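Protein chains in written order, with the numbering used here: chain A, 1 to 355; chain B, 356 to 431. For reference, the structure is listed below as structure tokens.
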Amino acid sequence: MATEALKVDGTQDSIEVLQREAEELKKRLEEEKAKLKDVDMCKAASKVDPVTNFTMKQRRHLKGHLGKVLCMDWSTDKRRIVSSSQDGKMLVWEAFTTNKEHAVTMPTTWVMACAYGPSGSCVACGGLDNKCTIYPLSTDDTDISSKKKAVATHTSYLSCCTFTCSDNQLLTGSGDSTCALWDVESGQLIQSFHGHAGDVMSIDLSPSETGNLFVSGGCDKTAMVWDMRFGECVQVFEGHESDINNVRFYPSGDAFATASDDATCCLFDLRADREANCYKKESIIFGCNSVDFSISGRLLFGGYNDHTVNVWDVLKGNRVTILYAHENRVSCLGVSPDGTALCTGSWDNTLKIWA
Amino acid sequence: MSLEARMNKFQEGLQQQRKLVEQLRLEAAVPRVRVSECIEDIMKYCEQHTSEDVLINGFLRPGDNPYKEKGGCNIL
């Protein structure tokens, strides 16, 4: 009995030692990161020419969903868009003509995630069904539901999904606070990613050539960068005061942007391991749901709860313009792969294309 | 709670704490670059790609925009 009690004491001691080390490491990390902030991005970019002659306007209005639009994704052919909605539908649009090429009714409402396969021959979607289902897109057969295939299963809702470089692997994020990589063919889990202390809301793959990194953001107010090969979290980014709703890599792969319920967007740099810039204004008090960069990385589009899209100058940190985009909150947006157009989706049940 | 259950709980807590410290050690070992250097690279990337960014510059000829409304008059 006495020896057992001693062991217990010994364990307590080492927990305290570990706690002390953790505190010291945290403090050191904070100090080191603070030291690196040797210049303000807006000041550093003061000599850069401002963005002028902004000519983007609404070009197309995609109507057909009977509920809030929750997610959208461009196809790599730059012509097609997949969107998913609270009404339980997933639609595939031809962006130039606004024709609906495919419609799928899901088993549940709130289809929160959808993604186009890189080959353009399939789409993936899911939501409250906790699953990610793949639908092959064929032109001859109108009912693509007959060929559907459930690939991923989480223990809570599916919040986001994306294919990796091919149609063969699928990366998913979920309300169960994990991300997971799946083999499409076998439906088997390849790697799971544990670390978030809240719902994962968004994921994005690094555009850099090595292509093994992805970033995730969630309701624990943190963004995490992961190595897909080892399931390891390699970097943690904190600073937001509320949920992170969306994350998107900078086109060079060196940084990523976040959209948060705290009404700000931030640019985090991977190599500096900290925030490089923050996009906010006192007059902007509504949460931001979605972000994406223009193809040069100079503009950052943010879709907000006040129905607008704010267009930010990434370098100077100022707002270039406001797009009075929709009649309800802007839930999702994305720049086409060739950088010629912006698509926005909204709780007003419609999507719009800006160019 | 039995002593055994308490021990298990301690072990669990210890394990968690070890994991946290390991994660922090990993983070502390990450090599970092000064913000000024990173910003320089981001500015360079923007500069190099701005000419091809039609959302900034618009199209050279408005007719090149695939989303431009068709119709109106065509010059033969």
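Using N, Cα and C, we set each Cβ at its ideal position, and we do this for glycine too. Note that this is a predicted model, so its numbers are computed, not measured.
- DSSP, reduced to helix, strand and coil, places proline 421 of chain B outside both helices and strands of the structure shown, so it counts as coil.
- Measuring C-alpha to C-alpha distances from cysteine 219 of chain A to each of A:Leu213, A:Trp226, A:Glu232, A:Val247 identifies A:Val247 as the nearest.
- A straight line joining the alpha-carbon of aspartate 183 of chain A with that of asparagine 212 of chain A spans about 16 Å.
- Of all residues in the stretch 372-387 of chain B, the ones placed with a Cβ closer than 9 Å to any Cβ belonging to chain A are Gln372, Arg373, Leu375, Val376, Gln378, Leu379, Arg380, Leu381, Glu382, Ala383, Val385, Pro386, Arg387, in chain order.
- Rounded to whole angstroms, the gap between the alpha carbons of threonine 164 of chain A and valine 335 of chain A is 18 Å.
- The stretch 183-195 of chain A and the stretch 239-259 of chain A do not touch, with fewer than 3 CB-CB distances between them shorter than 8 Å.
- Bridge pairing for glutamine 169 of chain A: A:Asp183 [DSSP].
- Closest in alpha carbon position to valine 291 of chain A, among A:Thr321, A:Phe256, A:Tyr324, A:Ala276, is A:Phe256.
- When the Cα atoms are used, glycine 302 of chain A and valine 311 of chain A turn out to be separated by approximately 6 Å.
- 8 Å or more divides the Cβ of valine 388 of chain B from the Cβ of arginine 20 of chain A.
- Taking CB atoms only, serine 357 of chain B has no neighbour in chain A less than 8 Å away.
- Methionine 398 of chain B carries a helical assignment under DSSP once its states are collapsed to helix, strand and coil.
- Contact annotation: in the stretch 247-269 of chain A, residues whose CB is within less than 9 Å of a CB in chain B are Tyr250, Pro251, Ser252, Asp254, Ala255, Leu267, Asp269.
- Using a Cβ distance threshold of 8 Å, alanine 113 of chain A and serine 84 of chain A count as a contacting pair.
- Beta-bridge annotation (DSSP): valine 247 of chain A is paired with A:Thr258.
- Residue contact check for glycine 418 of chain B against chain A: no CB pair falls below 8 Å.
- Around glutamate 407 of chain B, the beta-carbon contacts reaching into chain A at under 9 Å are Ile295, Ser296, Gly339.
- Exposure of methionine 356 of chain B is indicated by the presence of fewer than 16 other C-beta atoms within 10 angstroms of its C-beta.
- Annotated three-state conformation of arginine 373 of chain B is helix, per DSSP.
- When Cβ-Cβ separations below 8 Å define contact, leucine 415 of chain B makes no contact with chain A.
- Pairwise C-beta distances place the stretch 262-278 of chain A in contact with the stretch 372-388 of chain B, as three or more of them are shorter than 8 Å.
- Taking the beta carbon of glutamate 21 of chain A as reference, the chain B residues within 7 Å of it are Val376, listed in sequence order.
- For methionine 41 of chain A, there is no enclosing beta strand (DSSP E); the enclosing alpha helix (DSSP H) has its first and last residue at 41-44.
- Nearest to glycine 217 of chain A by C-alpha distance, out of A:Glu209, A:Val236, A:Glu232, A:Gly231, is A:Val236.
- For the stretch 161-193 of chain A, no residue has a beta-carbon sitting nearer than 9 Å to a beta-carbon of chain B.
- Beyond the five residues adjoining it in sequence on each side, cysteine 332 of chain A comes within less than 6 Å, by CB distance, of Cys71, Met72, Ser290, Gly345 in the same chain, given in chain order.
- Note that the C-beta distance between valine 200 of chain A and serine 159 of chain A is below 8 Å.
- DSSP places isoleucine 353 of chain A in the uninterrupted beta strand (DSSP E) bounded by 351-354.
- In this chain, asparagine 99 of chain A is not harboured by any alpha helix (DSSP H), its DSSP state being neither H nor E.
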